[in-house]
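**Student:** In our numbering, the protein residues as written are 25 to 657.
Just so you know, even glycine gets a beta-carbon here, dropped at the ideal spot from N, CA and C.
What follows is the structure in structure tokens.
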């Protein structure tokens, strides 16, 4: 648990047991570690608090389809997260001695707390909402501090920060190397198919002209990693702590590390409103395929229709009563509920804008009763025995990483909110995430990371063993291109690919061009040419860009490829080889997995519109919500 404390120093020897899941590559032999790749690809889906083990299980095969099926994919749950133990759970409870499991008691207590705060809404939903959200954050901070005090030196809350997770990744690298070499004297190494002979015993260096790293491609004993969103912060932290252990690092949807350690992430939303404005343009271009469009509309007509909907909901929430005879639960749909859905759509306009248009049309036409389903909580059916329980890892990691703590009264928070709102109309959503750290009392045992914008914290670029590849959408709602460019400059020889798309991470839309760069980097050690920045404006210059192969209402349709509105294949499909189409289909599958995960988290369990956005089609939602279907599987 504590890398500074020998295991034999403490009587109880507190340890962290990291949950891992692997999707092996082709031609692996059980019981023969030497038949596996010299370095697996570790993945982190973001967060903080994202469950990498589950991501690998669900998406590992798709990742292999993108980079090559000769790679072993490993996902892990970071400290305090998911199936890793101990878990960061502020609602932990013992068994009651009468047959009720402590996990279920904790789950019911957590649900009661969440339910009690749902009606508060967003930061600006009322003139008292900010104060209520803040005091609830402080209450949670105090509860977590109580659990931390009880656990003492064995408390995971003190050791769950990103720097410790980076150390865990190095431990995984070393453990893999040791395991793989355990039978190397007995069993000859089985070469991965599709890999060329490796050059060894030379440090990787970048040829400024070609962007090719020579003469070594070996990753033995090094980290090969693909991190998304918060996972980029984790990867960058690893590279800053262990630059000699970098094998390949792909950082996609890049967090500004200097910004991340600040009390409030003010600048994250600088692109959010521009992405939302594109909704109306795409809807107009789609015409009748966009449900919010009406014959004769121009872009401004669609905007007015949207604003009419939001104004109506701000004045009076929509009462929703399901017509189903066995769904007798009233619901209120507020403007805040819709705002959460709109914000989630910014993560992948290609996937979610058409759904949002359908939702807005349903509200406009007064048909919400037929299109929503009340939440049914499975713990009310019977005791659960889940493999993974809810936790408080996100707030634990996020707050432990703060270099500058947040501990402010409501007037000061209001000022911060107003500053954020000057950047984006979605500040009311994003500020709620940030306030979670107000009043956090638990001190991380390791000091916060040395990221920060102070001149004293700006050392020369870090020289890693192998250059890093950064990826970014042109407009990202929470990790803008500006952050990716800034982080690229922090690492010597690093390169960047800008994907000409809207959305969070390059997985937000299918791009064969981006996929080719990723494959070349992982498989052959080839990077795009390094960026050339303008001296007067570091956000301008020359670097590699890639186009997106889909857009809202014209998405890639899975293995068959993109489709025209009449169902015929596009000319773009006809121009692609079968191998390229398979790569694009894997990219499409990854986009679906990634967006489903992000949308589910952003919309929230208690949003009455959840079933419309992340659930099954409304006509099937009844079956999916029953206790018999939501049992202990």
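What are the boundary residues of the alpha helix (DSSP H) that residue 188 is part of?
**Tutor:** Counting along the chain, the alpha helix (DSSP H) containing residue 188 begins and ends at 186–204.
**Student:** Under three-state DSSP, which class holds residue 143?
**Tutor:** The answer is coil: DSSP assigns residue 143 none of H, G, I, E or B.
**Student:** Would you check if the distance between the CB atom of residue 630 and the CB atom of residue 138 is smaller than 8 Å?
**Tutor:** Contact flag set, yes.
**Student:** Buried or exposed for residue 204, going by 16 or more other Cβ atoms inside 10 Å?
**Tutor:** Buried, because 16 or more other Cβ atoms sit within 10 Å of the Cβ of residue 204.
**Student:** Any chance the segment 266–282 sits against the segment 248–258, with 3 or more Cβ pairs inside 8 Å?
**Tutor:** Contact between the segment 266–282 and the segment 248–258 is present, because at least three Cβ pairs lie under 8 Å.
**Student:** Do residue 607 and residue 555 have their C-beta atoms within less than 8 Å of each other?
**Tutor:** For residue 607 and residue 555, no; Cβs fall outside 8 Å.
**Student:** Grab the span of the alpha helix (DSSP H) containing residue 68 for me, first residue to last.
**Tutor:** Here residue 68 belongs to no alpha helix (DSSP H); instead the beta strand (DSSP E) covers 65–68.
**Student:** Quick one: Cα of residue 147 to Cα of residue 161, how far?
**Tutor:** Rounded to whole angstroms, residue 147 to residue 161 spans 13 Å at the Cα level.
**Student:** Decide if the segment 506–516 is in contact with the segment 572–582; the criterion is three or more beta carbon pairs, one per stretch, under 8 Å apart.
**Tutor:** No, the segment 506–516 is not in contact with the segment 572–582.
**Student:** Give me the residue from 77, 87, 45 and 76 with the minimum Cα distance to residue 609.
**Tutor:** Considering only alpha carbons, the answer is 87.
**Student:** How many Å lie between residue 134 and residue 416 at the Cα?
**Tutor:** Cα-Cα distance, rounded: 10 Å.
**Student:** Mind reading off the beta-carbon distance from residue 496 to residue 508? Whole number of angstroms is fine, and I expect it under 8 Å.
**Tutor:** At roughly 4 Å, the Cβ-Cβ gap stays under 8 Å, so residue 496 and residue 508 are in contact.
**Student:** For residue 195, which of 25, 470 and 562 has the nearest alpha-carbon?
**Tutor:** Residue 195 has its Cα closest to that of 25, out of 25, 470 and 562.
**Student:** Going by the CB atoms, is the gap between residue 65 and residue 97 shorter than 8 Å?
**Tutor:** Contact: yes.
**Student:** Need the endpoints of the beta strand (DSSP E) that residue 250 sits in, please.
**Tutor:** Where residue 250 is concerned, the enclosing beta strand (DSSP E) stretches over 247–252.
**Student:** Write down the C-beta distance between residue 16 and residue 533 rounded to the nearest angstrom, noting that I regard them as a contact closer than 8 Å.
**Tutor:** A question about residue 16 goes unanswered here, because the residues of the chain that appear run from 25 up to 657.
**Student:** Is the Cβ-Cβ distance between residue 356 and residue 341 less than 8 Å?
**Tutor:** Yes, the pair counts as a contact, with Cβ atoms nearer than the cut-off.
**Student:** Using only alpha-carbon positions, find the residue among 62, 353, 56 and 81 that is nearest to residue 68.
**Tutor:** Of the listed residues, the one whose Cα sits closest to residue 68 is 81.
**Student:** In this structure, how does DSSP classify residue 557 when only helix, strand and coil are distinguished?
**Tutor:** Note: residue 557 maps to strand in three-state DSSP.
**Student:** If we require 4 or more residues per run, which alpha helix (DSSP H) segments fall completely within the segment 330–375?
**Tutor:** Runs of the alpha helix (DSSP H) inside the segment 330–375: 359–369.
**Student:** Have a look at residue 106 and residue 317 and give me their C-alpha separation to the nearest angstrom.
**Tutor:** Residue 106 and residue 317: Cα-Cα distance of roughly 42 Å.
**Student:** In terms of alpha-carbon separation, which member of 72, 163 and 264 lies closest to residue 474?
**Tutor:** For residue 474, the nearest C-alpha among the options comes from 264.
**Student:** Please return the same chain residues whose Cβ sits closer than 7 Å to the Cβ of residue 315, not counting the five positions on each side in sequence.
**Tutor:** So the qualifying residues of the chain are 381, 382 and 385.
**Student:** Check for me: the beta strand (DSSP E) holding residue 100 runs from which residue to which?
**Tutor:** First-last of the beta strand (DSSP E) with residue 100: 97–101.
**Student:** Can you tell me whether DSSP reads residue 54 as helix, strand or coil?
**Tutor:** Here residue 54 sits in coil by DSSP.
**Student:** Using 8 Å as the Cβ pair cut-off and three pairs as the minimum, do the segment 327–337 and the segment 487–507 touch?
**Tutor:** Contact fails: fewer than three Cβ-Cβ distances are below 8 Å.
**Student:** Secondary structure at residue 25, three-state DSSP: helix, strand or coil?
**Tutor:** Three-state result, residue 25: coil.
**Student:** In the structure shown, what three-state DSSP assignment does residue 591 receive?
**Tutor:** Because residue 591 carries a pLDDT of 44, less than 50, the predicted location of this residue cannot be relied on, and the following value inherits that uncertainty. Residue 591: coil per DSSP, three-state reduction.
**Student:** Return yes when the Cβ of residue 292 is within less than 8 Å of the Cβ of residue 503, no when it is not.
**Tutor:** Yes. Within cutoff.
**Student:** For a quick check, are the C-beta atoms of residue 419 and residue 164 less than 8 Å apart?
**Tutor:** Contact flag set, yes.
**Student:** With a 10 Å radius around its C-beta and 16 neighbouring C-beta atoms as the bar for buried, classify residue 589 as buried or exposed.
**Tutor:** Legend: pLDDT at residue 589 = 40, less than 50; position of this residue unreliable, value from coordinates given subsequently. It is exposed - the Cβ of residue 589 has fewer than 16 other Cβ atoms within 10 Å.
**Student:** What's the gap between the Cα of residue 602 and the Cα of residue 568?
**Tutor:** Computed Cα separation, rounded: 25 Å.
**Student:** Among the candidates 123, 547, 604 and 617, whose CA atom is the shortest distance from the CA of residue 76?
**Tutor:** Among 123, 547, 604 and 617, the Cα nearest to that of residue 76 is on 617.
**Student:** What does DSSP give as the partner residues of residue 566 in its beta bridges?
**Tutor:** Residue 566 is bridged to 556.
**Student:** Is the segment 169–182 in contact with the segment 109–122, if contact means three or more CB pairs nearer than 8 Å?
**Tutor:** A contact exists between the segment 169–182 and the segment 109–122.
**Student:** Between the beta-carbon of residue 426 and the beta-carbon of residue 280, is there less than 8 Å?
**Tutor:** No; because the gap between Cβ atoms is not below 8 Å, this pair is not in contact.
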